[in-house]
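In structure tokens:
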């Protein structure tokens, strides 16, 4: 009543602008209510629904990182050494490169997949650079021509494709590796060390005896779901082709101490079909070495 | 209405209306404002804010919080991947990546074979005689011949080219010259030569 009597005393000159001002502020508040409710519906609620899953995944990753860090400390430097000596050497290492090609040609000849091959031309090394890579690299061009069968052609191309790859992880695509990591997260996060061990396994050793290495990993995952997905990923990956090729060559590669293979990249290729199962393949490869 | 009021309304209608509506208007707007202010300060936060680790976050704040957590998660994931797949050497890693980007001769040949089947060609009807691939420019040149189908060779070649054009990986395909010649040895045939560029996979 006190407020009412005080309000009555105010003249319209004061009350009307005050009313208009409060009406404007009220309309603004209504608008802000709408904005806030909409924000909650469109931004807040989806974010809040995501949070538990994100936090749970962070917890799993934290656990995996701790285990993987411990494992990383225990890892030796053998792979780095092999990489610097054989795969990406400091010198051009032409004798080893030629021996690798010689062994490949002989093996394909013995299997009746190769009928003739031209002399191997080795050009002058030229410096190559890649964005973001400070270390100087040289590329040695290697050119030759072979007459092969269809099977010989695919074997030779696969050999170049696999050259320089040392471990299982090198053969798998980043997507396949990510899939395996995701499966580990879902099935048994602590088994990250088993997966790490599997991925860093030497490719030739795996080609010699894949089953025990697969079993070693699968023991960490008791559920059949992981095994099913694991078999499906490996079945469609290049790993099967790699196992098939390297299991046939492993004896020769070991005898001549050619493993790991020198990293070769296919630059140009020309295929000419001379007749049924008679293909001429001319290739230009690049073998890489460190330094200027 | 008294005479005085009637007179006043007649002489100063605006002032009279203003005086009459001023009281209800201020009461209405005042109540509305007070209710909305109460709702804004007390009621709305109860229904639109979120309790996260003891803090009360607005929708915008929780979205920012969730985005930060996602970034943290990505960083943790990258760290995990680095630990599981250590980069032995940056140059080696880059060269492996370059190798992965090199066009696969086998898969290109398989695509050409599949296109021939889809075009309705039988065994030995579309023959790819040569194929050259430049890995640097990703340019592919193909030469070949359509034979053993009689006068239908040009139609089959056209269907083959249509099939090849529908392959997303084969970009900028230059159509061959469509011709038909009669050779004593191989009969009616349509030789072809075309080029295309291999699209980079996303």
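Chains as they are written, first to last, in my numbering: chain A, 1 to 292; chain B, 1 to 202. The beta-carbon is built from N, C-alpha and C at its ideal position, and this holds for glycine as well. Remember, it's a predicted structure, so these values are computed and weren't measured experimentally.
For residue 206 (chain A), there are no neighbours in chain B by C-beta distance under 7 angstroms, as the nearest C-beta there is about 16 angstroms away. As a beta-bridge residue in DSSP terms, residue 191 (chain B) pairs with B:145.
Residues of the same chain with a CB within less than 6 angstroms of the CB of residue 64 (chain A), apart from the 5 flanking positions on each side, are 189 and 192 in chain order.
If one requires a minimum length of 4 residues, the alpha helix (DSSP H) runs lying completely within the segment 131-178 of chain A are 150-162 and 168-171, in chain order. Not flagged as an interface residue toward chain A: residue 195 (chain B), since no C-beta distance is shorter than 8 angstroms. Chain order gives the chain A residues near residue 60 (chain B) as 39 and 43, where near means a beta carbon separation below 7 angstroms. For residue 135 (chain A), the residues of chain B that pass the 9 angstroms Cβ criterion are 89, 90 and 91, in the order they occur in the chain.
One finds 269, 270, 271, 272 and 273 in chain A with Cβ atoms closer than 9 angstroms to the Cβ of residue 131 (chain B), taken in chain order. If you check the CB distance, residue 171 (chain A) and residue 265 (chain A) do not come in under 8 angstroms. Of the residues assessed, residue 47 (chain B) falls on the exposed side of the cut-off, its CB having fewer than 16 other CB atoms within 10 angstroms.
Here residue 169 (chain B) carries a coil assignment [DSSP, helix/strand/coil]. For a cut-off of 8 angstroms, the C-beta gap from residue 167 (chain A) to residue 214 (chain A) is around 15 angstroms, too long to register as a contact. Listed along chain A, the residues sitting closer than 7 angstroms to residue 134 (chain B) by beta-carbon distance are 268.
When rounded, the separation of the alpha-carbon atoms in residue 244 (chain A) and residue 207 (chain A) is 7 angstroms.
Going by DSSP, residue 264 (chain A) is part of no alpha helix (DSSP H) but of the beta strand (DSSP E) stretching over 264-275.
In the structure shown, residue 120 (chain A) adopts coil according to DSSP, grouped into three states. Burial is judged here by how many other beta carbons sit within 10 angstroms of a residue's own beta carbon; residue 256 (chain A) has fewer than 16 and is exposed. In terms of Cβ geometry, residue 75 (chain B) and residue 143 (chain B) do not form a close pair [threshold 8 angstroms]. For the C-beta of residue 238 (chain A), not a single chain B residue is nearer than 7 angstroms; the gap to the nearest is close to 10 angstroms.
In this chain, the alpha helix (DSSP H) harbouring residue 76 (chain B) covers 59-84. Interface residue (Cβ-Cβ distance to chain B less than 8 angstroms): residue 110 (chain A) is not classified as such. The criterion of a C-beta distance shorter than 8 angstroms is satisfied by residue 198 (chain B) and residue 140 (chain B). Straight through space, the alpha carbons of residue 84 (chain A) and residue 194 (chain A) are spaced by roughly 26 angstroms.
Within 8 angstroms of the CB of residue 55 (chain A), the CB atoms of chain B belong to 69, in sequence order along the chain. Interface annotation for the segment 102-126 of chain A against chain B: empty, criterion Cβ-Cβ distance under 9 angstroms. Looking at B:124, B:137 and B:167, the one whose alpha-carbon comes closest to that of residue 275 (chain A) is B:124.
Sixteen is the threshold: when 16 or more other Cβ atoms of the shown chains lie within 10 Å of the Cβ of residue 189 (chain B), as they do, the residue is buried. Counting along the chain, the unbroken beta strand (DSSP E) around residue 127 (chain A) starts and ends at 126-128. In the structure shown, residue 131 (chain B) falls within a strand segment according to DSSP collapsed to helix, strand and coil. For residue 66 (chain B), the number of other beta carbons within 10 angstroms of its own is at least 16, and it is reported as buried.
When C-beta atoms of the segment 152-166 of chain B are compared with those of the segment 100-118 of chain B, three or more pairs fall below 8 angstroms, so the two segments count as touching. Note that the segment 143-155 of chain A does not touch the segment 24-37 of chain A; fewer than 3 beta-carbon pairs, one per stretch, sit closer than 8 angstroms. CA-to-CA, the gap between residue 278 (chain A) and residue 165 (chain B) works out to about 28 angstroms.
A residue is called buried when at least 16 other Cβ atoms come within 10 angstroms of its Cβ; residue 26 (chain A) meets this threshold and is buried. Contact between residue 88 (chain A) and residue 89 (chain B) holds, with the beta-carbon distance rounding to 7 angstroms and staying under 8 angstroms. Taking the Cβ atoms as the reference, residue 147 (chain B) lies roughly 7 angstroms from residue 187 (chain B), within the contact range of under 8 angstroms.
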